[in-house]
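S.K.: Residue numbers (our numbering), protein chains in the order written: chain A, 7 to 944; chain B, 6 to 81. Before we start, here is the structure in question, set down as structure tokens.
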């Protein structure tokens with residue numbers, strides 16, 4: 007098992023060191039370090055119970071007492087700072103006696119069931135009893151041993167009989183997670199940890215921080231209770247959101263016992279959320295398809311076949327289609343849930359074996375505008391900062407993102423900084439949690455109308471430009487002058503003022519002016535944004551407008567500032583880096599660039615097409631016009647996740663060979679002719695690159711359940727298409743990526759093992775990576791301001807469609823839900839609902855929890871209504887985690903002008919009470935049932 | 006591919022580049038964007054629409070860009 011040493015109290019950073027003597031050893035530590043930590047640094051482990059190095063010292067257990075020469079009494083080493091020249095003794099007969107007395111009191115109110123306790127062997131109370139030499143308990147009387155367990159949470163139990171009231175769980179909930187769901191109720195003997203109600207009914211978000219902090223079996227993973235303690239562990243990276251948390255997969259043989267957040271993980275620093283910490287059971291879910299399958303038509307039963315037969319069939323079909331319809335009639339899609347190495351291989355397969363550039367990634371439908379917008383303005387298609395940078399922010403501007411639900415571990419870090427005094431601006435149509443959370447309040451919430459981000463950002467820019475709030479020195483040194491002048495002239499126009507834009511955005515000008523002044527003058531200001539910025543008809547324009555703001559105020563190139571796209575999935579950044587877009591080779595180099603093509607042609611031994619290929623929505627259109635007939639789709643569920651489901655389904659139905667590689671028979675697989683069983687993140691080696699450009703290792707902890715890892719399947723398909731690839735391990739794929747990609751030149755598995763993770767660019771200039779970009783100059787040389795004219799979306803509200811639907815995700819579910827729906831997370835969210843403002847509901851006679859029909863120009867579906875004041879009047883909201891909801895039956899094909907990223911966030915709809923499922927839902931249910939029968943009859 | 010969709014997308018591109026104060030920059034920006042991001046059959050179909058239907062439905066700035074920079078749309 008990987009040891010994660012606990013130093014008892016957090017690290018302190020100081021320019022000055024102090025030196026002290028502990029048990030005869032001299033040790034130098036940063037000023038502010040506790041005696042307990044100083045002792046631990048020289049391997050002197052002072053007994054402790056209420057202290058752990060992820061939490062501020064508390065000084066309640068009285069076990070860590072020490073003696074200090076020249077001082078009276080026995081101070082607690084956790085709360086006493088080390089001082090210069092101090093002489094400390096951690097062991098003496100008196101200290102031993104005191105500690106034994108404390109332990110005796112603890113144990114007198116603790117069950118003596120160590121041998122059958124789930125924490126046997128992993129219990130700090132047990133360890134301390136042994137360490138202080140406790141041999142008897144003389145006290146009896148009232149105790150808490152008969153208190154009942156709270157087993158309401160699906161993932162962990164709370165057993166108050168085992169609680170020593172050390173407060174670690176309460177402090178973890180406050181200090182690390184920032185939810186304040188737990189408290190200590192009662193006083194003296196009556197003191198108990200409490201969530202107020204049961205854990206499931208409480209505000210607890212199941213992040214697991216309390217379980218992690220608990221020194222006993224009081225808060226314990228149910229998986230450990232069921233399976234016992236793990237016997238080995240490996241560090242790997244979470245397969246959910248773009249935070250990319252590091253976990254230790256704690257194992258028994260090939261069975262995961264628990265996933266524990268890794269305290270040395272540079273993205274998460276020991277924290278987790280309910281998905282990464284607990285929702286990994288999908289990997290062994292009974293729905294996994296473990297045999298390759300083929301069929302000639304989608305109305306035929308599936309036939310289980312060998313890997314060889316399935317791959318032979320797929321290859322022969324692709325060859326047949328190309329012979330009949332031309333080289334450009336097939337293509338590939340790779341998911342951002344796949345590793346870098348898998349993404350690289352799929353684009354290589356398409357470019358080298360298919361011989362075209364028809365490759366795309368699901369980043370198309372989320373953050374492609376980020377790639378475009380940041381490349382144009384700053385010169386690199388990536389966020390500028392490290393997550394840790396937020397600790398130096400004075401002002402945080404969150405626009406179009408809901409971090410507490412979608413990027414919860416980073417949200418906790420952000421909340422810590424906000425509690426420490428940073429100011430907050432939220433620009434979002436909804437009153438997201440950050441607007442008014444425990445101990446966190448937004449200074450400004452600008453509840454704009456969906457689709458008006460660019461108008462809002464221009465209005466903010468107007469204030470900054472016309473009130474003299476720009477950083478002219480930064481602009482003069484770092485940015486193109488002509489472009490800046492054009493931008494300044496544009497944003498200074500009266501029509502871009504907050505007053506003029508008030509009618510567009512719906513936000514009072516005074517609020518916009520206040521927010522703009524705060525952003526420009528409040529110190530280090532950082533912008534965090536999400537899909538609420540990108541998934542619009544002007545997604546790319548909004549990204550450029552954000553970059554303009556950062557440049558105009560000099561908020562770029564140092565810690566605490568910057569432009570920070572919060573990526574939706576674990577490897578959105580990586581899939582884009584790997585050349586998965588149809589116009590770019592790895593490293594964001596356009597396919598028309600002859601020097602880049604020459605590099606890859608030389609390495610791969612093939613001709614690379616100089617023309618961009620089809621994007622995902624273009625593939626659908628081409629399929630419907632008969633010129634695109636075959637698709638290799640790895641890990642992506644385009645039927646559920648892409649807009650206008652009917653359109654997607656029709657496109658797939660018109661193809662002659664759809665090959666789906668996935669761990670489940672997803673919605674897209676119902677339209678497939680070949681199913682290749684995929685492997686989960688636990689079954690393969692590779693790397694993910696998170697939202698801060700951090701490349702982290704994914705490590706195989708179990709054998710691929712279907713026999714082959716995904717990268718092996720792609721290689722075998724490629725060989726059958728006449729282009730053999732012979733990698734023996736994903737590390738060799740990364741070596742090739744590093745050779746061919748300047749920003750990855752210094753990356754290797756060896757270095758990743760050594761450093762833990764690496765933020766690219768990593769090359770000769772930055773051998774250990776680049777936490778913060780654009781420090782002295784922009785990647786493109788000078789930063790380029792770009793004029794960002796607001797253009798109203800074509801998706802207009804009308805009398806027939808008077809409301810705007812916007813979509814998003816919630817904490818417990820993830821994207822299309824294929825993973826989280828197959829875990830106990832459904833206990834928090836078992837169906838998608840439509841959130842609607844009370845006024846809109848009342849106008850339509852809609853009752854809370856009643857069925858409603860949502861109809862758009864694309865289609866209609868029926869969901870339950872949830873009446874919510876989080877919504878503004880005129881705006882409704884839903885999630886898309888369940889296929890039967892049909893959220894994307896309603897969304898339209900409108901898309902971002904530059905990238906075709908769908909306009910998920912703006913769909914004009916009407917909502918009315920309903921009594922039965924929509925016609926689409928009925929037909930979908932029939933289709934799904936039929937497909938299931940075709941599977942079971944195989 | 007659906008011609009109306011291509012026209013719509015081209016006009017959206019026009020909306021963006023139209024605001025660049027320098028007219029030539031604006032026109033070449035439209036052409037460069039199409040060249041960089043549109044697959045050849047999409048560009049070809051758009052040009053056919055210009056030739057056969059006089060670019061009906063296209064914004065003037067897009068039509069002008071296509072006519073002036075036609076040769077650049079397939080340059081290597």
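The beta-carbon is built from N, C-alpha and C at its ideal position, and this holds for glycine as well.
1) Alpha carbon to alpha carbon, how far is residue 80 of chain A from residue 57 of chain A?
2) Relative to the C-alpha of residue 781 of chain A, which candidate in A:450, A:392, A:423, A:572 has its C-alpha closest?
3) Considering only C-alpha positions, which residue in the set A:658, A:910, A:641 is nearest to residue 823 of chain A?
4) Is residue 630 of chain A close to chain B, meaning its C-beta is less than 9 Å from at least one C-beta of that chain?
5) Starting from the Cα of residue 434 of chain A, find the closest Cα among A:447, A:386, A:455, A:93 and give me that residue.
6) So the candidates are A:734, A:708, A:728, A:727; which of them puts its Cα closest to the Cα of residue 717 of chain A?
7) What are the residues that DSSP puts in a beta bridge with residue 640 of chain A?
8) Would you identify the three-state DSSP class for residue 165 of chain A, choosing helix, strand or coil?
9) Kindly list the residues whose CB is nearer than 6 Å to the CB of residue 38 of chain B, restricted to its own chain and excluding five residues on each side of it in sequence; keep chain order.
10) Counting only Cβ pairs nearer than 7 Å, list the residues of chain B close to residue 633 of chain A.
11) Name the DSSP beta bridge partners of residue 703 of chain A, please?
12) Any contact between the segment 869 to 879 of chain A and the segment 425 to 441 of chain A? By contact I mean 3 or more CB pairs, one from each, below 8 Å.
13) Under 9 Å, Cβ to Cβ, is there at least one residue of chain A near residue 17 of chain B?
14) Check each candidate in A:215, A:194, A:187 and name the one with the smallest Cα separation from residue 204 of chain A.
15) What's the gap between the Cα of residue 596 of chain A and the Cα of residue 41 of chain B?
16) Going along chain A in order, which residues have a C-beta closer than 8 Å to the C-beta of residue 41 of chain B?
17) Should residue 495 of chain A be flagged as near chain B, meaning a C-beta pair shorter than 9 Å?
18) Chain A beta carbons: is any one of them nearer than 9 Å to that of residue 74 of chain B?
19) So residue 627 of chain A contacts chain B; which residues on that side make the cut at Cβ distance below 9 Å?
20) Please name the residues in the segment 793 to 815 of chain A whose beta-carbon is closer than 7 Å to at least one beta-carbon of chain B, in chain order.
21) How about residue 343 of chain A and residue 576 of chain A: are their beta carbons less than 9 Å apart?
22) Note down the Cα distance separating residue 83 of chain A from residue 40 of chain A, rounded to an integer number of angstroms.
23) I'd like to know whether the C-beta of residue 786 of chain A is nearer than 9 Å to at least one C-beta of chain B.
24) Helix, strand or coil: how does DSSP classify residue 511 of chain A here?
25) How far does the alpha helix (DSSP H) with residue 273 of chain A in it extend, from its first residue to its last?
26) Work out the CA separation of residue 286 of chain A and residue 830 of chain A for me, nearest whole Å.
27) Counting only runs that start and end within the segment 202 to 287 of chain A, where is the beta strand (DSSP E) found for 3 or more residues in a row?
28) Does any CB atom of chain B fall closer than 9 Å to the CB of residue 484 of chain A?
29) With distance defined between alpha-carbon atoms, name the residue in A:689, A:942, A:218, A:840 nearest to residue 859 of chain A.
30) Cβ of residue 286 of chain A less than 9 Å from any chain C Cβ?
31) For residue 260 of chain A, tell me which candidate among A:250, A:175, A:233, A:279 has the shortest Cα-Cα distance.
32) Is the shortest distance between the beta-carbon of residue 659 of chain A and the beta-carbons of chain B less than 9 Å?
33) Take the Cβ of residue 492 of chain A as the centre, count every other Cβ of all protein chains shown within 10 Å, and call the residue buried at 16 or more, exposed below.
34) So that I know if they touch, is there some Cβ in chain B lying closer than 9 Å to that of residue 621 of chain A?
35) Whose C-beta lies closer than 7 Å to the C-beta of residue 649 of chain A among residues of the same chain, with five residues either side of it excluded?
36) Just to make sure I have the definition right: I need the residues of chain A whose C-beta is within less than 7 Å of the C-beta of residue 26 of chain B. Which are they?
M.R.: On the basis of the supplied data:
1) Sequence index remark: in the first chain, residue 80 of chain A carries index 74 (1-based). Sequence index remark: in the first chain, residue 57 of chain A carries index 51 (1-based). Rounded to whole angstroms, residue 80 of chain A to residue 57 of chain A spans 17 Å at the Cα level.
2) Taking the first chain and counting its residues from 1, the one referred to as residue 781 of chain A is at position 775. For the residues A:450, A:392, A:423, A:572, the minimum Cα distance to residue 781 of chain A belongs to A:392.
3) Here residue 823 of chain A is taken as the residue at index 817 of the first chain, counted from 1. Among A:658, A:910, A:641, the Cα nearest to that of residue 823 of chain A belongs to A:641.
4) Indexing the first chain from 1 puts residue 630 of chain A at position 624. With 9 Å as the cut-off, residue 630 of chain A counts as an interface residue toward chain B.
5) One-based indexing of the first chain puts residue 434 of chain A at position 428. Residue 434 of chain A has its Cα closest to that of A:455, out of A:447, A:386, A:455, A:93.
6) Locating residue 717 of chain A in the first chain gives position 711, counting from the first residue. Nearest C-alpha to residue 717 of chain A: A:734.
7) In the first chain, the residue the question calls residue 640 of chain A occupies position 634. According to DSSP, which records beta bridges pairwise, residue 640 of chain A is partnered with A:340, A:667.
8) Position 159 of the first chain, counted from the first residue, corresponds to residue 165 of chain A. Residue 165 of chain A falls in the coil class under three-state DSSP.
9) Residue 38 of chain B sits at position 33 when you count from the first residue of the second chain. Counting only Cβ-Cβ distances below 6 Å, and skipping sequence neighbours, we find 18.
10) The residue you call residue 633 of chain A lines up with position 627 of the first chain. Neighbours of residue 633 of chain A on chain B, chain order: 46.
11) Position 697 of the first chain, counting from 1, holds the residue named residue 703 of chain A. DSSP lists A:693 as partners of residue 703 of chain A.
12) yes
13) Locating residue 17 of chain B in the second chain gives position 12, counting from the first residue. Interface residue, yes.
14) The sequence position of residue 204 of chain A within the first chain is 198, counting from 1. Out of A:215, A:194, A:187, A:187 has the C-alpha closest to the C-alpha of residue 204 of chain A.
15) Here the question's residue 596 of chain A lines up with position 590 in the first chain. Here the question's residue 41 of chain B lines up with position 36 in the second chain. Spanning the two alpha carbons is a distance of roughly 8 Å.
16) In the second chain, the residue the question calls residue 41 of chain B occupies position 36. The answer, in chain order, is 589, 596, 598, 618.
17) Mapped onto the first chain, residue 495 of chain A falls at position 489. Yes, contact with chain B.
18) Within the second chain, numbered from 1, the residue matching residue 74 of chain B stands at position 69. Taking Cβ atoms only, chain A never reaches closer than 9 Å to residue 74 of chain B, which makes this a no.
19) Here residue 627 of chain A refers to the residue found at position 621 of the first chain. Chain B residues near residue 627 of chain A: 6, 7, 10, 11, 47.
20) 793, 795, 797
21) Here residue 343 of chain A is taken as the residue at index 337 of the first chain, counted from 1. Here residue 576 of chain A is taken as the residue at index 570 of the first chain, counted from 1. Closer than 9 Å, so yes.
22) Mapped onto the first chain, residue 83 of chain A falls at position 77. Mapped onto the first chain, residue 40 of chain A falls at position 34. If you take the alpha carbons of residue 83 of chain A and residue 40 of chain A, they lie about 7 Å apart.
23) Counted from its first residue, the first chain places residue 786 of chain A at position 780. So no, residue 786 of chain A is outside the interface.
24) The residue given as residue 511 of chain A occupies position 505 in the first chain. The answer is helix: DSSP assigns residue 511 of chain A an H, G or I state.
25) Position 267 of the first chain, counting from 1, holds the residue named residue 273 of chain A. Element bounds for residue 273 of chain A: n/a, residue is neither H nor E.
26) Taking the first chain and counting its residues from 1, one reaches residue 830 of chain A at position 824. Taking the first chain and counting its residues from 1, one reaches residue 286 of chain A at position 280. Cα to Cα, residue 830 of chain A sits roughly 10 Å from residue 286 of chain A.
27) 225 to 227, 238 to 243, 252 to 258, 261 to 267
28) Against the first chain, residue 484 of chain A aligns to sequence position 478. Not one chain B Cβ lies under 9 Å of residue 484 of chain A.
29) On the first chain, residue 859 of chain A is found 853 positions in, with the first residue counted as 1. Nearest option by C-alpha distance: A:840.
30) You won't find chain C in this structure, because its protein chains are A and B.
31) If you number the first chain from 1, residue 260 of chain A lands on position 254. Per the Cα distances, A:233.
32) Taking the first chain and counting its residues from 1, one reaches residue 659 of chain A at position 653. No - not a single Cβ of chain B is within 9 Å of the one on residue 659 of chain A.
33) Taking the first chain and counting its residues from 1, the one referred to as residue 492 of chain A is at position 486. So residue 492 of chain A counts as buried.
34) The residue given as residue 621 of chain A occupies position 615 in the first chain. Chain B contact via Cβ: present.
35) One-based indexing of the first chain puts residue 649 of chain A at position 643. Answer for residue 649 of chain A: 894, 897, 898, 899, 908, 910, listed in chain order.
36) As a first step, residue 26 of chain B must be located in the second chain, where it is residue number 21. Neighbours of residue 26 of chain B on chain A, chain order: 492.
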